[in-house]
Amino acid sequence: MTAPTLTPRPRLRPGRLGLHAFLLTVSLAFLAPLLLAVYASLRPYEETAEHGYFSLPRHLSLDYYRQAFSDSGMSRYFANSLLIAVPGVIITLFLASFTAFAVSRLRLRGATLLLIVFTAGNLLPQQVIVTPLYVLFNRVPLPYWMSDSLTMYDSYWAVIAVQIGFQLGFCVFVLANFMRTLPIEILEAAVVDGAGVWTQYWRITLPLCRPALAALGTLQFTWMYNDFLWALVFISNGDKLPVTSALNNLRGQFFTDYNLLAAGSVLVALPTILVFLLLQRHFIAGLTLGASKG
189 MTAPTLTPRP RLRPGRLGLH AFLLTVSLAF LAPLLLAVYA SLRPYEETAE
239 HGYFSLPRHL SLDYYRQAFS DSGMSRYFAN SLLIAVPGVI ITLFLASFTA
289 FAVSRLRLRG ATLLLIVFTA GNLLPQQVIV TPLYVLFNRV PLPYWMSDSL
339 TMYDSYWAVI AVQIGFQLGF CVFVLANFMR TLPIEILEAA VVDGAGVWTQ
389 YWRITLPLCR PALAALGTLQ FTWMYNDFLW ALVFISNGDK LPVTSALNNL
439 RGQFFTDYNL LAAGSVLVAL PTILVFLLLQ RHFIAGLTLG ASKG
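All the letters of the sequence shown, read from the start, carry residue numbers 189 to 482 under our numbering.
So this is what it looks like as C-alpha cells:
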C-alpha cells in the first residue's frame with residue numbers, strides 16, 4: 189500500500205496578507221460604532237461622564253436595557269414595525285417575482301421597456317412626492333375595520349403601500365436578471381409536460397430563485413424596518429409609530445442619558461441582526477450568484 193500524499197498548505201503571499209489586513213480594517217471600522225454603543229450601554233452614565241467613553245469599565249450591568257425596554261414602551265413599537273415590515277416584504281417579493289417572471293420568461297412586447305420603467309422608479313427622490321402622497325392618502329377612503337381615520341392616512345396601509353412602491357423596482361430588476369440566468373430548457377420541458385404559466389412560475393421558477401429571494405428579503409426587511417420618514421409623515425397617532433420612533437421617548441427635555449439611548453439603539457437593531465443570522469446562508473449565496481461559472 190502506498191502512503192497517502194500530503195498536499196502542502198499554500199503559503200500566504202504578501203498581497204493576500206495585505207488584502208486580509210485591509211478587509212479586517214474595513215470590518216472593524218464598520219463594527220466600531222456598534223461595539224462602542226454596546227460598550228456604552230453596559231456602563232453607568234456617571235462613570236463615562238467622569239472617565240470618558242474610551243476608559244476601562246469599573247461596573248457593567250444590563251440595567252439600561254431593562255430601563256430602555258420599559259420606559260419607551262418598546263414592545264408595542266416592535267409590533268408596529270413588524271406589522272409594516274413583514275407584509276411589506278412578502279407583498280413586494282411576490283409582486284416583484286411575478287413581474288420579473290413575466291419580463292424575463294414570457295414573450296411580451298416592450299418587456300425591456302417595462303423593466304427600465306420599474307428600475308427608473310428608484311431614481312425618484314422620496315422627498316419630491318411626500319406632499320402629493322399626503323394629499324392623496326387623505327382622500328382615499330378605507331372601511332372602519334382597516335383604518336380608524338376611514339382614510340389611508342394615519343394607517344399602516346399608507347406606509348406599506350409606499351414601501352412596496354419604492355422597493356418594487358429594485359426587486360424586479362434583481363430577480364429579472366437572475367431568472368434570465370436559469371436554463372430555459374427547464375421551462376421548455378415543463379411546457380411539454382403540460383405545465384401552465386402559473387405552474388412554471390410557482391412550482392419551477394420560484395424554488396430556483398430561493399437564494400435571490402432570501403438575499404432580497406433580508407435587505408428589504410432591513411430597509412422597511414429601519415425606515416423613519418414615511419411613518420413620521422403618514423401616521424399621526426403616536427401609538428402606531430414604528431420602533432425607530434421609540435428612541436425619541438428616551439430623550440429627556442433638559443437631559444439625555446446617551447448610555448440609555450445606546451441601549452435602546454442596540455435593542456432596536458436586534459431584529460435585523462436576527463433576520464440576517466437566520467438567512468445568512470441563503471443571503472451569502474444570493475450575493476455570490478454569478479461569481480463563478482462551471
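Ideal Cβ placement from N, Cα and C applies to all residues, glycine included.
Starting from threonine 339, follow its DSSP beta bridges and name the residues at the other end. Threonine 339 is bridged to Pro329.
Going by CA-CA distance only, name the one from Arg264, Ile461, Gly353, Leu404 that's closest to asparagine 425. Out of Arg264, Ile461, Gly353, Leu404, Arg264 has the C-alpha closest to the C-alpha of asparagine 425.
Near leucine 207, what residues of its chain come up, given a Cβ to Cβ distance below 8 angstroms and the 5 sequence neighbours on each side ignored? Once the five neighbours on either side are set aside, leucine 207 has no close Cβ partner at all.
With a threshold of 8 angstroms, are at least 3 pairs of Cβ atoms found where one atom belongs to the stretch 284-295 and the other to the stretch 362-381? Taking 8 angstroms as the limit for Cβ pairs, the verdict is that the stretch 362-381 does touch the stretch 284-295.
I need the straight-line Cα distance from leucine 244 to aspartate 445, nearest angstrom please. Within the model, the alpha-carbon separation for leucine 244 versus aspartate 445 is close to 19 angstroms.
Note down the Cα distance separating valine 463 from phenylalanine 409, rounded to an integer number of angstroms. Rounded to whole angstroms, valine 463 to phenylalanine 409 spans 8 angstroms at the Cα level.
Candidates Glu238, Leu205, Tyr322, Arg204: which alpha carbon is nearest alanine 419's? Comparing Cα positions, the closest option is Tyr322.
Establish whether the CB of tryptophan 418 and some CB of chain C are separated by less than 8 angstroms. Although the question refers to chain C, the structure presented lacks it and comprises just one protein chain.
CA-CA distance, glycine 405 and arginine 469? C-alpha of glycine 405 to C-alpha of arginine 469: approximately 13 angstroms in a straight line.
Identify, in the order they occur along the chain, each residue of the same chain with its Cβ nearer than 7 angstroms to the Cβ of glycine 309, setting aside the five sequence neighbours on each side. When the five nearest sequence neighbours on each side are left out, the beta carbons in the same chain lying within less than 7 angstroms of the beta carbon of glycine 309 are those of Gly357, in order along the chain.
Classify proline 313 as helix, strand or coil using the three-state DSSP reduction. Here proline 313 sits in coil by DSSP.
Alpha carbon to alpha carbon, how far is arginine 327 from serine 337? Straight-line Cα distance between these residues: approximately 11 angstroms.
Quick one: grab the DSSP three-state call for glycine 482. With a pLDDT of 42 at glycine 482, under the threshold of 50, the predicted position of this residue should be treated as unreliable, though the coordinate-derived value follows. Coil, per DSSP.
Tell me which same chain residues have a C-beta within less than 8 angstroms of the C-beta of leucine 465, skipping the five on either side of it? Excluding sequence neighbours, leucine 465 sits near nothing in its chain.
Nearest-angstrom Cα separation, counted from valine 454 out to glutamate 238: Going by the C-alpha atoms only, they are around 23 angstroms apart.
Whole angstroms are fine: how far does the CA of leucine 216 sit from the CA of glutamate 234? So the alpha carbons of these two residues sit roughly 28 angstroms apart.
Quick check on the DSSP output: the alpha helix (DSSP H) that includes tyrosine 241 runs from which residue to which? For tyrosine 241, there is no enclosing alpha helix (DSSP H), as DSSP gives it neither H nor E.
Alpha carbon to alpha carbon, what distance is there between isoleucine 272 and tryptophan 411? Whole-angstrom Cα-Cα distance: 11 angstroms.
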